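For what it's worth, the working numbering labels the leading residue of the first sequence as 5, then goes sequentially.
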Amino acid sequence: MAPPLHPAPASNPQRERDVPTPTTSSLHALFLRAVDPSRPASWSAAVTDLLSSGDAVAALATFAAAVRANPAALRPALPPALRAAAAATSLAAGRQLHLLALRLGLFPSDPYSASALLHMYHHCSRPMDARRAFDEIPDPNPVIVTAMASGYVRNNLVYHSLDLFRAMIASDSASVVDEAAALVAFSASARVPDRGVTASLHALIAKIGLEKNAGVVNTMLDSYAKGGSRDLEAARKVFDTMERDVVSWNSMIALYAQNGMSAEALGLYSKMLNVGGGIKCNAVVLSAVLLACAHAGAIQTGKRIHNQVVRMGLEENVYVGTSVVDMYSKCGRVEMANKAFRKIKEKNILSWSAMITGYGIHGHGQEALEIFAEMKRSGLRPNYITFISVLAACSHAGHLDEGRHWYSAMKQEFGIEPGVEHYGCMVDLLGRAGCLDEAYGLIKEMKVKPDAAIWGALLSACRIHKNVELAEISVKRLFELDATNSGYYVLLSNIYAEAGMWKDVERVRFLVKTRGIEKPPGYSSVELKGKTHLFYVGDKSHRQHKEIYSYLEKLLERMQEAGYVPNTGSVLHDLDEEEKESALRIHSEKLAVAFALMNSVPGSVIHIIKNLRVCSDCHTAMKFITKITEREIIIRDLQRFHHFKDGLCSCRDYW
DNA sequence: TTAGGGTTAG
């Protein structure tokens, strides 16, 4: 096997590779770097140089050349050679260097070789080999311990990492805990589900005077929000009192955006621009803010941020560009997403996936598959994530044959073992198409444990195809996995209601009550002049609620004149017809649309976000509303987009 | 004279 041209990215350890041997090109590199073979320092300098220029393989080859040319050069060149083996994730090369270190007497006595050796084993995903070596080191100094601790974090052995840190505190004076050790400790505590770890580390660094260190505090900010306490308020408190740099602002905004707190993210962003003390907008923060817009469906704000991206000349930037694509597609403007996508200069696999997903969630399965084909033509090899996008697109568009085709091609042609996400798409696709037994069969043959999303997909399919028996099987599994999710109870009770099994409906409702499960109320939100307005069913908390209700009344009258008949079949309570009709009139999406209509002109686009599925009556109602009022309405619900235009739902995935 | 480091984006 030819040695790889570039080392694997450090954050993505790959499998062991063959030891690179010196090649003509690396000897050429040697020549270019003017190594003086007789000077030992010249060899180590060449290895270090090549490594820092990103060519770990050439660095290793140079070391191998030194072995033959000048044995005296090995001692200083060994640590950088070990780091090269780590960067190339070449365990075979690393093991040979380990043997050499033993032969030269550099291990375990030389701390420089020792720390580099641990680093190598951790980067090659061999934490237990690192541990064995670590245990042979008689009196590991703080640098070695920190190398060990960070390696544990890299390999997801966070508790081992924290144990080392605790031992570090206990063993000696606290002065051994320096900036590097504290950074590692906080990065570990961000990955641990226990509450209070971050707070106790916080107390410790305050004691040893690292509380003013921006790097350490930024890492702490992150671990407050991501660690066991999941405490964004604590993170905000730290943020408010610290000396903030650009990373602090970006981190806090990103934390809000990632946790769905879009209003907070956007608010903090404008605060940063106004009172941030000279902190300037950059690519990182724009990506985070675009994520917040995508989540909130804040298309107007998203457009403003996009303008900012253009002004800063960042349209071609792959990170920002992909965020723009994601924002537009999540806000229902898939054509705008495509325009932004075309502007990205060096599209990576995630840019392509974002675009495939964009078309997919809008039900444009054909376009999604065309983008996929284009990606393959460009020479990129689809990976695990790409196939999630592709299969999800097939599932949303109801492309049964294509879905089956790509599912098997993924395994056979591309050697990718399907994960829960792929199974989820396939179960959804097969289930919706009515192939319930095939879907159930697929679940039974899964090698990984089916998660709630899989059984949930089967359960929804059971509702569509009115299969009570399989629904009960799915629910049983779902309750084993998560008995507190109200959604499953609602679905099950709906399935019983549609089958007229009112006694069972009552039984489920009784369960919900006795188990103390709370169902989050559904809401619809609409953005107006950059401000988001929220509506619940029958909501009267809005400032203009009186106007909204009377507007809606008149609108419903006009709709009924145009032929709209309330679809009371979707009301799953045991009510009489009249009660059912009035229950439908105050659905949150109708309130939100009425409010948006009052504040818009014909020809405009109304964009609504719904946190639950849009009911079939509201779906019908929107068709009439678009016809009467000449507005385009886009509703994004839990699973898909509905574009209503000219009285038609152009969403092809309403199948 | 060759060691250990983390946080922000899709």
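Glycine included, every Cβ here is placed at the ideal spot set by N, Cα and C.
Nothing here was measured: the structure is a model prediction, and the numbers come from that model.
Please classify residue 144: is it buried, with 16 or more other beta-carbons within 10 angstroms of its beta-carbon, or exposed?
Around the Cβ of residue 144, a 10 Å sphere holds 16 or more other Cβ atoms; the residue is buried.
Quick one: grab the DSSP three-state call for residue 652.
Of the three classes helix, strand and coil, the one that applies to residue 652 here is strand, per DSSP.
Simplified DSSP assignment, three categories, for residue 372:
Here residue 372 sits in helix by DSSP.
What does DSSP give as the partner residue(s) for residue 536 in the beta ladder?
Answer by DSSP bridge pairing, in chain order: 531.
How long is the line joining the alpha carbons of residue 504 and residue 386, rounded to whole angstroms?
Going from the Cα of residue 504 to the Cα of residue 386 covers about 47 Å.
Tell me the DSSP secondary structure of residue 469 in three-state form.
When DSSP states are grouped into helix, strand and coil, residue 469 belongs to the coil group.
Does the Cβ of residue 514 have 16 or more other Cβ atoms within 10 Å, making it buried, or fewer, making it exposed?
A residue is called buried when at least 16 other Cβ atoms come within 10 angstroms of its Cβ; residue 514 does not meet this threshold and is exposed.
Below 8 Å on the Cβ atoms is my contact criterion, and I expect residue 559 with residue 596 to pass it. Report the Cβ-Cβ distance as a whole number of Å.
So it is not a contact: roughly 13 Å between Cβ atoms.
Which of helix, strand or coil DSSP assigns to residue 645
It is a strand residue.
Would you say the stretch 392 to 404 touches the stretch 421 to 440, given that touching needs at least three Cβ pairs under 8 Å?
The stretch 392 to 404, when compared against the stretch 421 to 440, does touch it at the 8 Å Cβ threshold.
Short of 6 Å in beta carbon distance, which residues of its chain neighbour residue 457, apart from the five on each side in sequence? Order them along the chain.
The beta carbon of residue 457 sits closer than 6 Å to those of 428, all from its chain and outside the five residues before and after it, given in chain order.
Using 8 Å as the Cβ pair cut-off and three pairs as the minimum, do the stretch 564 to 574 and the stretch 523 to 530 touch?
Not touching, per the Cβ criterion.
On a CA-only basis, which of 631, 106, 591, 621 is nearest residue 608? Give me that one, please.
When each option's Cα is compared against that of residue 608, the closest is 631.
Decide yes or no for the touch test of the stretch 249 to 266 against the stretch 284 to 303: beta carbon pairs closer than 8 Å, at least 3 of them.
Yes, the stretch 249 to 266 touches the stretch 284 to 303.
Residue 132, buried or exposed, once every other Cβ within 10 Å from all chains shown has been counted against 16:
So residue 132 ends up on the exposed side.
Report yes or no: do three or more beta-carbon pairs, one from the stretch 230 to 238 and one from the stretch 211 to 220, lie closer than 8 Å?
Contact between the stretch 230 to 238 and the stretch 211 to 220 is absent: fewer than three C-beta pairs spanning the two stretches fall below 8 Å.
Sequence-distant residues of its chain with Cβ nearer than 8 Å to residue 446 (five each side left out):
Excluding sequence neighbours, residue 446 sits near 427, 430, 431, 434.
Going by the CB atoms, is the gap between residue 614 and residue 635 shorter than 9 Å?
Against a cut-off of 9 Å, the Cβ pair of residue 614 and residue 635 comes out as no contact.
State the CB to CB distance for the pair residue 334 and residue 372, rounded to an integer number of angstroms; the pair is presumed to be in contact (CB under 8 Å).
In this structure residue 334 is not in contact with residue 372, their Cβ atoms being roughly 15 Å apart against a cut-off of 8 Å.
Could you tell me which residues DSSP pairs with residue 636 in its beta bridges?
Partner(s): 609.
Limits of the alpha helix (DSSP H) - the one that residue 84 falls within:
Residues 78 to 91.
With DSSP run on the structure shown, which of helix, strand or coil describes residue 614?
DSSP places residue 614 in strand when its eight states are reduced to three.
Between residue 26 and residue 124, what straight-line distance do the alpha-carbon atoms span, to the nearest angstrom?
Annotation note: pLDDT 46 at residue 26 (below 50); position unreliable, no value reported.
Cutoff 7 Å; reference residue 149; Cβ partners in own chain excluding five residues on either side
Cβ neighbours of residue 149 beyond the five flanking positions: 168, 172.
By Cβ distance below 6 Å, which residues in the same chain neighbour residue 63 in space, the five residues on each side in sequence not counted?
The beta carbon of residue 63 lies closer than 6 Å to those of 51, 54, 55, 88 in the same chain, with the five residues before and after it left out.
Who are the near neighbours of residue 185 in its chain, counting only those whose CB is closer than 8 Å to its CB and skipping five residues on each side?
A distance below 8 Å between beta-carbons, with the five flanking residues on each side excluded, links residue 185 to the following residues of its chain, in chain order: 146, 149, 150, 153, 169, 172.
If you drop the 5 nearest sequence neighbours on each side, which residues of the same chain put their C-beta closer than 7 Å to that of residue 469?
So the list reads 438, 440, once near-sequence residues are dropped.
Limits of the unbroken alpha helix (DSSP H) element including residue 330:
Counted as a single uninterrupted DSSP element, the alpha helix (DSSP H) harbouring residue 330 occupies residues 322 to 334.
Take residue 46 and list the residues in its own chain whose beta-carbon comes closer than 6 Å to its own, dropping the five residues that flank it on each side.
Taking C-beta separations shorter than 6 Å and ignoring five residues to either side along the sequence, the partners of residue 46 in its chain run 39, 40, following chain order.
Would you tell me roughly how many angstroms separate the C-alpha atoms of residue 492 and residue 460, rounded to the nearest one?
A straight-line Cα-Cα distance of about 7 Å links residue 492 and residue 460.
Where does residue 590 fall in DSSP's three states?
In the structure shown, residue 590 sits in coil (DSSP, three-state: anything other than H, G, I, E or B).
Spatial neighbours of residue 157 within its chain, please: C-beta separation below 8 Å, excluding the five flanking residues on both sides.
Around residue 157: 165, 188, 191, 192, 195.
What's the gap between the Cα of residue 197 and the Cα of residue 231?
Cα atoms of residue 197 and residue 231: separation of roughly 6 Å, rounded to the nearest angstrom.
Can you grab the Cα-Cα spacing for the pair residue 273 / residue 257, in whole Å?
Going by the C-alpha atoms only, they are around 7 Å apart.
Would you mind reading off the limits of the alpha helix (DSSP H) that contains residue 429?
Run containing residue 429: 424 to 436, per the alpha helix (DSSP H) assignment.
Residues in the same chain with beta-carbon distance under 8 Å from residue 138, minus the five sequence neighbours each way, listed in chain order, please.
So the qualifying residues of the chain are 122, 144, 148, 152.
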